[in-house]
Structures are given as C-alpha cells and as structure tokens.
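Number of protein chains: 2
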Amino acid sequence: MERSISPDSVMLLKTAQAAGVTTAWDRYETQLPQCGFGETGLCCRHCLQGPCRIDPFEVTGPKNGICGASADVMVARGLARSVAGGTASHSAHAKHLAHTLLKFSRGEATDYGIKDQAKFYAVLDRVGIARNGKSDQELAGELAQLALDEFSEREETPVWLKTTVTPGRMTKFEELGLIPPGLDSAVAEVMHRTTNGVDADAVNILLGAIKCAIGDYTGMYLATDLSDILFGTPTPVMASANLGTLKENAVNIAVHGHNPVLSEIIVAEAMGMEQEAQAAGASEGINLVGICCTGHEVMMRHGIPTATNSLSQELAIVTGALDAAVVDYQCIMPSLPDVAARYHTAIITTMPIAKITGATHVQFEEHNAGEKAREILRLAIEAFKKRDPTRVNIPPVTNDALAGLSAEAIVNVLALVNPDDPLKPLIDNIVNGNILGVCLFAGCNDVKVTQDKTFVELVKALAAENVLILCTGCAAGSFARHGLLTPAATQKYAGDGLKAVLTALGQAAGLDGPLPLALHTGSCVDNTRAAGIAVALANKLGVDISQLPVVATAPEAAMEKAVSIGTWAVAMGLPTHVGVVPPVTGSPVVVEVLTKAAKDLLGGYFIVEPDPQAAVAKMVAALKERRKGLGI
Amino acid sequence: MERSISPDSVMLLKTAQAAGVTTAWDRYETQLPQCGFGETGLCCRHCLQGPCRIDPFEVTGPKNGICGASADVMVARGLARSVAGGTASHSAHAKHLAHTLLKFSRGEATDYGIKDQAKFYAVLDRVGIARNGKSDQELAGELAQLALDEFSEREETPVWLKTTVTPGRMTKFEELGLIPPGLDSAVAEVMHRTTNGVDADAVNILLGAIKCAIGDYTGMYLATDLSDILFGTPTPVMASANLGTLKENAVNIAVHGHNPVLSEIIVAEAMGMEQEAQAAGASEGINLVGICCTGHEVMMRHGIPTATNSLSQELAIVTGALDAAVVDYQCIMPSLPDVAARYHTAIITTMPIAKITGATHVQFEEHNAGEKAREILRLAIEAFKKRDPTRVNIPPVTNDALAGLSAEAIVNVLALVNPDDPLKPLIDNIVNGNILGVCLFAGCNDVKVTQDKTFVELVKALAAENVLILCTGCAAGSFARHGLLTPAATQKYAGDGLKAVLTALGQAAGLDGPLPLALHTGSCVDNTRAAGIAVALANKLGVDISQLPVVATAPEAAMEKAVSIGTWAVAMGLPTHVGVVPPVTGSPVVVEVLTKAAKDLLGGYFIVEPDPQAAVAKMVAALKERRKGLGI
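Residue numbers (this note's numbering), protein chains in the order written: chain B, 431 to 1062; chain E, 431 to 1062.
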C-alpha cells in the first residue's frame, strides 16, 4: 500500500528509509497481520481471568468470554471504553483551560488575560452569569468555577450542553436518559459499567457510551469557548503548510500536541528571543511551526504554518532541520526521542501527565509561563547549534492555507452579504440548491490507509456535488498540505452552485477570489464550532439538527478521541461517515445499533465505508434524503 | 487442573456436566490457550491503528507499537486502565450510597434512615462536620454533600483520605504528587494519560495509576462509612455458608452483587412476605442467601448465609432450588440468564447501569425502595411455583461461619480485655511474639486456579506461623465454605501463640472457645476496615503503616477491583501478595517498579507468587523483616 500522497511525506519517507530511521509506517508493517480478534472487537481484558477471545465466525472457537459475555457485550464494552478515553482527553484539555482562567482570575497567571472580551461577554451571557458591575477578573473566576463544576456529577444538566444544542435535542437526550452526569463522572461511569460483571446488555452499554460522548461534546464546546476567551476567537488568516515551511536559516521549533495554554506563550515569547537565535547563527531567527492540533490552534490565531500532523510527525525530525519539538499532550508519538536521537532535535515534554522516556522534561506551569517558555526556547536554540547542515533536507513543498474560519468568522463573512440576517444567505443557497448540504471533515490520519488519500478524494468529490466543506484538525492539515484551503482549489474543484456561493462570499470579504474549498474551522477540539453553526441553522429554521442536510466524516480516523467525537456527532443527529472500520464488526447488534437503530432513535447514524466513491455516494444520498425531508 | 476444592462446587460441577450446563470453568477451557500477548500485557488497543502486539521475547516480532510505545509503556498503560476500572467501580458504589443518604436527608427515601447513630456521629466528627443543634436529617445532608464533593476535582485533599491515613503516609503522598484530584477525576485522568500519544513514560504512568488507586482507597473508606451509618456497623454474628444453605421447602432468593442499598430493603421486606411464600407452597417461607459481596453485606449485618461467591455463582442455579437471583452490580456473570433458562430461576437486574440481556429488569429506586423490593420478592415467589422438585439437588454441605468483625467490633472485643486501652492487648501480643503479624486476605476466586485451594493452603500455613488473619469478600466466602470462620478451625490450625490470643479474646467475648481462625471483616469494599485497624496501630505506636508487620494477599485475584485494591495496599505501605500473575510480565520496568522500587518509594510492594508454599515463606519473611525494623 502506498504510504502517503502528501508530497513532503513521500520525500521524507525515502530519506528516513535511506537513513535507517524507523517510522510509524515501518512499525505498522511489523505489526501485520494484526490480531483479528482485536480488529473485530472480540478480545476482552477487563479482568485478570482473560484475555478472552470470541471466534468471529462462531464456528469452532468460543462464543462467549469466561464470564459469559457475548460477542455483542464484548464489543460494546470495548467501544464504550474507547469513548471514555476520548472523552477523558477532551475533558482534560477543557479542564486545563478552566484552571488557567481560574488562576488568571486570582492573579496567579499574569501571562494570561481576557484576549477576546466580546466572546467572553457572549459566553457569560449564554451560560447565565450576570455581568453587572463585576470586573473581568471576577467574572473570569465565576466562569472558571462554573466550567469546573461541569466535570462533577450534579443534578443539573451541564450548562455547556443545555445552552448549546437545539431544544429538540435536549428533549430527546432527556427522554433517552442521555444527559451526562458530569464530564469526569461520565467517564468513570463507563469504566464501571464495562468492568467484569456490571453491564451485560449491549444496547444498554452503547447508550452509556453515547451519554459519555455527549459529555465529550460538552467538554469540547467548553474548551473552545475558554480558548477563544483567553487567546482570541480566530479570524481569517493566511498561513502556509507542509514541511517546506521549515527554514534552513532559522531555529525551527514545532509546537505539537493539542492545548494552546503553552503554545500561546511560546508564540508571545519567541519574538523577544529573535536576537538570541540570530546570535546562535540562525540568520532568520526563530521559525515557529505547528504539528497536530497545537499547530492548528496557533495557525488559527496567528497564522503560524502547519508543518505536518500526527501520522507524519516523525518526518519533521527527518528533515534534519527541526531543532525542537515542544509537546503538550495527545497524539504525540512515544517514538519521538528515538528518532530525535538520530538527529540533533530536542524533544521537550512539558506536562506532568505526559512524559516520554528519553525526552527532556520542562515542567510547565501557568504561574511562570513566560519564564518556562523562554527556558524551552533556549533549549531549542542550543539544539540548533548542534544541527548538522549536511543532513538538512527540507522538502521544497509549501502551500498557502487560509485558516481562522471560526463559527464567528463564518457568520461575520455571511454578515457582509446580509448584515441583518447573516444566516439567510446560507439558508437561501441551501434551499435553492446551490449548496446541496454541509459536510464536516474531521478525524485523524491513520496508518492503515494511505495518508491523505481518502481525505482528498472525498473532499474533491463532495465539493463537486456542491457540498459546503468545513474541516478541523488533521482533516484541515491534510487539506492544507494539498493546497485545498485556497481560492484556487475552489475554482478547480467546486461544483457551479458552490463556486458561485463561495465566490460571492469571497468577494464580499474582499478576497481576490472565492473562499477556500474547505473552511478551516479549528483544531479537533473545535469540532463543536461546526456543531454550533448547525445548531444556529436548525434553530433559525425551527427544526432539529437531525433534519438538516449536514453530514460529518472522519475518513482516516485513528484515535479514541475520534471515536467519541463520531459518537456525539451521531447523537447530535448527523449521518457520520468513518473510512476506517472500527473494532465493532464482531458484534451484529453493535453494528446494527450504530448504523441503523441509531437513525430511528437519534436521527444520526454511522456510515462505515472505506471506499471513497461509495462513501461519497452514501453521504450525498444522506444529504438528499434530508433535503427531501425538509421539502427542498 | 482440579476446578474447585469447595465440596458444594465439586458436587454441582458434576450435576452441571450431566445436565449439559456450561459454566465459567467450561468457558475457560474453550479459551485455552489464552493469548500470550494479552497475558503478558503486550497488546494495546488504545487507538484504531491497533491492535498492536509486542514480541515478549523481543526476538523476531515487533519491539514497539505503531505509535512507538515500548513494552514498558504498553504494559503500564494497560495496568493503569485496570486500576481506573477498579476505582470507578468502588467509587460508583460509594457515590450510590452518598446519593441514598442525600435522598434520605431530603425526605425522598423514607425506607432508609440513620441506623447507627454512634458511627454517624463518629464519622461526622472525623470529617469535621459540626453537630451542634442540627437534626440528623440536616447532618445527613451535609455529610452526603461532603461525600459527593470527594468525586470532583478540587484543590483540597479528599477528606476521606486525609482523615484516615497516618500523618507519615499523607506526607509521602504529598511529596510524591499522589493525592488524587477527586475520585471520578482520578479515573478520567488515567483514561486521558493512557490514550494514544499522552503519557509515554512507564514510571510516570505507574505513579498515575497509584494516585488513582489512592482514590480507590478513599472511595472504599467512604462507602464503608456510609453503609455502616445507613445500615448499621456489623457486630459479631453467627451465620452459615455453602450452597447447602438453600432450602428445599423455601422460596430461595439470592441477593448478589455488591451494594447493600437494595439488599437491605429486601431483607426488611422479606419478613412481611413470608405468608405469601407459604401460600405459594413454600412451607419454610422465604430463605434469603447471599452471593458475592452483597451477600457479605447482609451476612455481616443480619447473619444471612453466604451461599457462594463469584466464580461459582452459576452453580447456585444448578441446585435447581434457587428461585431468584436479585443482582445489583459487579462480578455478576452475563451468563446467568443462559443458565437460568435451563431451570426456573428468575434473574432480576435492578440497576440502570447493569442490565443483562435475557434477564428481567426491575428498576430499583430509593424513593420507592420497599415497593420495588416487594415486587422483586413476588417475582421470586412466582418463579418458585415453577420449580421442578425432581431437579432439586442441594448439596448437603453447610458450615458455621462467624461474621460481623468490623474494625469497631474487633476493638470492642479487645476492649473486653483492656477497656482503657483496647489496642494494647493486640500490640502486646505482637511485641511478645504470640502474634507474628497480621495478614489481610482479600480478592476473588479466579478460574485460572483451583477454586479456594490457594486461599485454604495459605491461611492454614500462615495461621500455623501465628499470623492473625483478617479477611473480606471472596476470601471470607472461601474460608466460610471450608469451616475456617469457626473456633474449631482456630483449635485445629492456629499456632500456639495465636491460639492463646484468640482463645483469650474468645473467652472475654463470652464465646465457647477462641475467636475464628480468620476474622470476617466485611465485603470487598470493606478492605478499608482492615486498613483502619492498621492505621490505628501505626498511630498508636507513632510509626507508619509501612513499618508494621502487616501484609495483604489476594491469592486468587480476578477483577480490576482487585488490581486497584492491591495497588493501594502497596501505596499504603503493605507487602501485597498476588497469587495469579497479572498481565505485566511483558515489561521489565513495570515488574521492577511494582515488586522492588515501590518498596523504597512507598514501603509497600507486590509479591507475585502463584506457589502457596513459596508465598507463605515470602510473606512470613516480610513480616519478620518488619519486626526486625521495629526491634521486636
């Protein structure tokens, strides 16, 4: 199988091979063939009596685990724990931001502040905190406390849930018992019900998983709100992509991971360190780039280039030009120190819960953020001095990439067309068929499929069908690497209706052409931005999200976070495509519930389809079915 | 391998075989050989790119997962998630009791009350709630709220941790960063740090797991406190054991699972239903028995017989005489409805998070507890009517079993010898060598080893070495089934020093002989009762628990809960024996940390030793080493 269609990845994979550097793709090959029990979800290690495995064909092998768990129960348990892992990750990210806001409010994090007062006030109003007469610092304290309360089991519905979804969804969630009991508590509940001898009804376990995933949505929405308040709501910004954004004559530092709490300070402090970098011999000073979602956070807010993302993170080191990778948490390969040991790159971990054996750990804390950021930048400058110029091999590939299209930014662009009723132009164009529907591209790259291939095929095909594309995280990174976040891509690939709309909007926005083919809406955790747009549309039309011609796709999903996001997308009512088969095929009941019964129950459902053409057909059919339902 | 040495199990396994009924032992055989990757912990499914497996011999197979995770990281991740599963289970149990107490305080659970005011006041005083002038109902509300706050991430140390351990332990936990951030939050934190690309340092992951396990301890202590307040602190009670406690002429109802919230009401309501049972033809009315820890809860407080426990739960149905199994959660085999389908037994699930496909679900809620209990009892009476008398095959085996030896009960017995200083007789006898040390027996039965064999061999050998034995949960159940919770067992198996002490205490307590060979301290969740005794001894001596001649053992551990309990036992400073090899042998670092480095760090450490004789030698050596350290 072809490893990647990303030109920089292709080049550097050759370099890695020549240098004898092992990458994730190599390790994947050593894992082949992968265990069929694990692949189908028919393996359980939730007690010490296991591992238990069930024969997927139920021919000669066992039909039940030792405890009696059926294939359905075993698969549902495993899936639920994946959702718990994903929810725990996003929730921790959100909680981290809430703590930062709390410390700011107490004067204990002086390097942070309220960067976007309009968003701050909008969020305060939405969550019901009265502003009268209170200082921003006081209000920040109240907001942070309200946010932290979301993690605990309470009798109240989580505020970031009930204030952000349609009334119809809330009613449905209440009726089905799907209100999460608090974000951390939802994770703990799944862990309890999936241990030996607790929940043994696959459908009940799946409902528990969905409840947890609704907690995931809640935490993600919260995370985005707090990031915008602390660091600014993104506005359109022209940036660039690919590993060609590394510079031969600069200290190249990649911020990598997911949380902007550290990277924002790195960005702020880097300016003051330019001279130190130059003194060390880097004529172009410091060149910050991003990897993964930390990269998207700083791309969205500062136009920092996105160098690459999770699957190809090791290749950034293989350029020989990366002086430091500063990592926070999530999607960071434990292999980085091994690869870096072959070069001069400093791998700097920063979070107490995310150390890597072999890396340099600089404990980051908000109260001395600037100081720690400077310490980290100095480690990068030191590493630069050890760079071997003869091994520098930066692929000559960069692409422009328009980013910064937060929900607010999209509404602002629409308001240029209709200031009184910004959503009207979008709705009108959906009704008149210029736009067939909307698709949110999300999720990861996955070593099991050719990097970027499904992303690129799907987006071109859907755009040709006049589907308006939003994207986040690795999907946005993938599109950026292939020049698809540009007006030119719209010209080339969009269907006539979509092109007309994007052109009109681009002109209104003063761009020299249409809006990009895909609107870069943020990092993974910002998928709720897209949900926010869908909710606004639904509320305006007086319908539920499950009636809108909106679909989601994670064509190359890899992480537990993608499983939890996909699950809440279904819960929100979206047909949700996944291009990698998740480990559920061992259970007829789980497959049936996720792909069919969920539709009756929630409106949303999973479309599992690895073939890009078939996936496009199914998503287009889903959009048309929704249009028909609305009588348009 | 011999399946069981429990005489009733042995008999009924033959019956099951003759009837073609499949049990856990049969299913275990279909699983053999079990997957070597899973057995050594070298399998990871924490993202969709997996399953990844590492060659345990690192010869030809992969040395790393796709992400780069080493064997050490992979094993540590898996172990940490087991601890999270165990902690989530005990915490949910504790939270359930806190909610019940809260509902009582609000007048919403009128079938509940403060049953033990002395314990209520003692707990209020310990946790720092001022009693002055407040009603019990008000105080219950305050206590319930304080308890519920323990689950949330806060800046304060959990109250049930800091008020129950030695000052030395607290200092150590603070120094090592091991204070859990709140019980649910501790679980969520482990789930986050073990997902793809977060924590990749095995030692750091293990510290995270230990922190979570300290949360497990906290939740368990809380659970026991609240159970005692709501249902009474156990006092010595003579009960009986084995499946021979089922009665041919009674409606036999087993309460099974872990939480007394429902079973206490069943016990209370059963009396009023005797006539209905008799009217249905059961001349002896209703016969309640217990399975697993729900059984131990009602045995400790009401002398209800313990029929059997987790591994042999199916055999209760195979007697043909069990009319209903009323289950709450944890350790309940999903197979029960399948086995019951061959008989007349009603399997009644009661908790929203623990349904079983094929069972009858009666949703239990505290506000109408009595009504629901009567509904459940009526289902059992209905099932009795369908019983086939020709298939009744109750093994003629029962044993007496003295239970109810809560920490308070043990202190009360000691106070009969020395009212002014109850702990002094115990300490004196440890110092003078009559008692070599103390061993807590805990944990499960595990299908991988002959049921009860290791339990029985270990306890006899340790008692012969004058080790004072405490036991909980399945350990207590095992001892009960073999007549070891009796004065006669002490006469037969205790060493002279231990026998002298137990005889003196038994005489003081007005028993016609010594205290039993093993003191039944409660259900699994009550392991903290034993910890409480150890803390009291340590505080009285002005030392830390890690210096006391106290060890713990889970010779037949099976559940994730056992993993988390074992881990906190180590954190508390106890040498902790496990007789089943946990899935960690694939990691030299994890093995080293758990069995050796932990000793330097925490005083406690794991002793993994399947061979009973070798295990006894190691535990005795550990006790002697501690004695030497204390100069006794």
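Where is the CB? At the ideal position from N, CA and C, for every residue including glycine.
Query raised in the report: Which residue spans inside the segment 970–1036 of chain B form an unbroken alpha helix (DSSP H) run of at least 4?
Result: Listed in chain order, they are 990–1001, 1018–1022 and 1028–1032.
Report task. Name the one or two DSSP bridge partners that His912(B) has. Result -> His912(B) is not bridged to any residue.
Query raised in the report: Going by alpha carbons, who is nearest to Ile544(E) out of Asn634(E), Gly649(E), Gly638(E) and Leu656(E)?
Result: With distances taken between Cα atoms, Ile544(E) lies closest to Leu656(E).
Query raised in the report: What in chain E is Cβ-close to Ser500(B), meaning under 8 Å?
Result: Neighbours of Ser500(B) on chain E, chain order: Pro764 and Thr787.
Report task. Measure the CB-CB distance between Lys815(E) and Ala710(E) and report whether it falls below 7 Å. Result -> A contact, by the Cβ cut-off of 7 Å.
Report task. Grab me the residues of Leu809(E)'s own chain with a C-beta within less than 8 Å of its C-beta, minus the 5 sequence neighbours each way, in chain order. Result -> Counting only Cβ-Cβ distances below 8 Å, and skipping sequence neighbours, we find Ala754, Ala776, Ile778, Thr790 and Val792.
Query - DSSP bridge partner residues for Leu898(B) (one or two, in chain order) - result: Residue pairing from DSSP places Leu898(B) in a beta bridge opposite Val868(B).
Query raised in the report: For His797(B), which option in Val847(B), Met1049(B), Asp541(B) and Gly607(B) has the closest C-alpha, if you only look at C-alpha atoms?
Result: The residue from Val847(B), Met1049(B), Asp541(B) and Gly607(B) with its alpha-carbon nearest to that of His797(B) is Asp541(B).
Query raised in the report: What residues from chain B crowd round Asp1041(E), counting only those whose CB sits closer than 8 Å?
Result: Residues of chain B with a Cβ closer than 8 Å to the Cβ of Asp1041(E) do not exist, since the nearest Cβ in that chain sits about 18 Å away.
Report task. Could you tell me which uninterrupted beta strand (DSSP E) segments, each at least 3 residues in length, are contained entirely in the segment 675–699 of chain B, listed from first to last along the chain? Result -> Restricting attention to beta strand (DSSP E) runs no shorter than 3 residues, the segment 675–699 of chain B encloses them at 681–687, ordered along the chain.
Requested in this report: Check whether the Cβ atoms of Gly515(B) and Thr625(E) lie closer than 7 Å to each other.
Outcome: Closer than 7 Å, so yes.
Query raised in the report: Counting pairs of beta carbons, one from the segment 982–1001 of chain E and one from the segment 933–944 of chain E, are three or more of them closer than 8 Å?
Result: The segment 982–1001 of chain E makes no contact with the segment 933–944 of chain E, as fewer than three CB pairs between them are under 8 Å.
Requested in this report: Alpha carbon to alpha carbon, how far is Leu591(B) from Ala1024(E)? Give it in angstroms, no decimals.
Outcome: The displayed chain sequence assigns Leu, not Ala, to residue 1024(E). Spanning the two alpha carbons is a distance of roughly 42 Å.
Query raised in the report: Buried or exposed: Lys525(E), going by 16 or more other Cβ atoms within 10 Å of its Cβ?
Result: In the assembly as shown, Lys525(E) is a buried residue. Its beta-carbon has 16 or more other beta-carbons within 10 Å.
**Report entry** Buried or exposed by the 16-neighbour rule on C-beta atoms within 10 Å, applied to Phe487(E)
**Finding:** With fewer than 16 neighbouring CB atoms inside 10 Å of its own CB, Phe487(E) falls in the exposed class.
Query - Spatial neighbours of Thr1015(B) in its chain, beta-carbon cut-off 6 Å, leaving aside the 5 residues before and after - result: Hits under 6 Å: Thr470.
Query raised in the report: If you follow the alpha helix (DSSP H) that Thr517(B) is part of, which residue opens it and which one closes it?
Result: Ala501 to Ser535 is the span of the alpha helix (DSSP H), which, as asked, contains Thr517(B).
Query raised in the report: Start and end of the beta strand (DSSP E) containing Gly952(B)?
Result: Where Gly952(B) is concerned, the enclosing beta strand (DSSP E) stretches over Ala948 to Gly952.
**Report entry** Paired residues, beta bridge with Cys642(B) - DSSP
**Finding:** Under DSSP, Cys642(B) shares a beta bridge with no residue.
**Report entry** Contact list for the segment 966–986 of chain B against chain E, Cβ threshold 7 Å
**Finding:** Flagged: no residues at all.
Report task. Identify the contact partners of Glu469(E) in chain B, using a Cβ-Cβ distance below 7 Å as the criterion. Result -> Among the residues of chain B, those whose CB is under 7 Å from the CB of Glu469(E) are Pro481, following chain order.
Query raised in the report: For Phe603(B), which residues from the same chain have a beta carbon less than 6 Å from its beta carbon, with the 5 sequence-adjacent residues on both sides left out?
Result: In its chain, beyond the 5 residues on either side, Ile609 have a beta carbon closer than 6 Å to the beta carbon of Phe603(B).
Report task. Name the two residues that bound the continuous beta strand (DSSP E) containing Leu941(E). Result -> Per DSSP, Leu941(E) belongs to no beta strand (DSSP E) and is neither H nor E.
**Report entry** Own chain partners of Gly468(E) with C-beta closer than 8 Å, once the 5 adjacent residues on each side are dropped
**Finding:** Take Gly468(E), set aside five residues on each side of it, and the residues of its chain with a beta-carbon closer than 8 Å to its own are Pro1013, in chain order.
**Report entry** Inter-residue Cα distance where the pair is Ile435(E) and Val451(B)
**Finding:** So the alpha carbons of these two residues sit roughly 56 Å apart.
Report task. Taking only beta-carbon positions, decide if His774(E) is within less than 7 Å of chain B. Result -> No - not a single Cβ of chain B is within 7 Å of the one on His774(E).
Query raised in the report: Do the CB positions of Gly927(B) and Ala919(B) come within less than 7 Å of each other?
Result: Taking 7 Å as the Cβ cut-off, Gly927(B) and Ala919(B) do not qualify as a contacting pair.
**Report entry** Spatial distance of Glu895(E) from Tyr647(E) (CA atoms)
**Finding:** If I take the Cα positions, the gap works out to 29 Å.
Report task. Would you check if the distance between the CB atom of Glu857(E) and the CB atom of Leu898(E) is smaller than 7 Å? Result -> First, the residue type needs correcting, since residue 857(E) is Ile and not Glu in the sequence shown. No, Cβ-Cβ distance for Ile857(E) and Leu898(E) is not below 7 Å.
Query raised in the report: What residues in its chain sit with their C-beta under 6 Å from that of Val719(E), if we drop five residues either side in the sequence?
Result: Answer for Val719(E): Thr675, Ala684, Pro735 and Ala737, listed in chain order.
Query raised in the report: Looking at C-alpha atoms only, which residue of Leu636(B), Tyr759(B) and Asn562(B) is the closest neighbour of Ala522(B)?
Result: Among Leu636(B), Tyr759(B) and Asn562(B), the Cα nearest to that of Ala522(B) belongs to Tyr759(B).
Requested in this report: Could you tell me which residues DSSP puts in a beta bridge with Val1038(B)?
Outcome: Answer is Val1008(B).
Report task. Let me know the alpha helix (DSSP H) ranges lying completely inside the segment 571–614 of chain B, each 4 residues or longer, listed in chain order. Result -> Along the length of the segment 571–614 of chain B, whole alpha helix (DSSP H) runs at least 4 residues long occupy 589–592 and 597–605, reported in chain order.
Requested in this report: Apply the 10 Å Cβ neighbour rule to Asp502(E) and answer buried if 16 or more other Cβ atoms are within range, or exposed otherwise.
Outcome: Its Cβ being crowded by 16 or more others within 10 Å, Asp502(E) is buried.
Query raised in the report: Among the residues of its own chain, which have a CB less than 6 Å from the CB of Leu636(E), if the five just before and after it don't count?
Result: These residues qualify, in order along the chain: Ala506 and Val1023.
Query raised in the report: Where does Gln743(B) fall in DSSP's three states?
Result: Correct three-state label for Gln743(B): helix.
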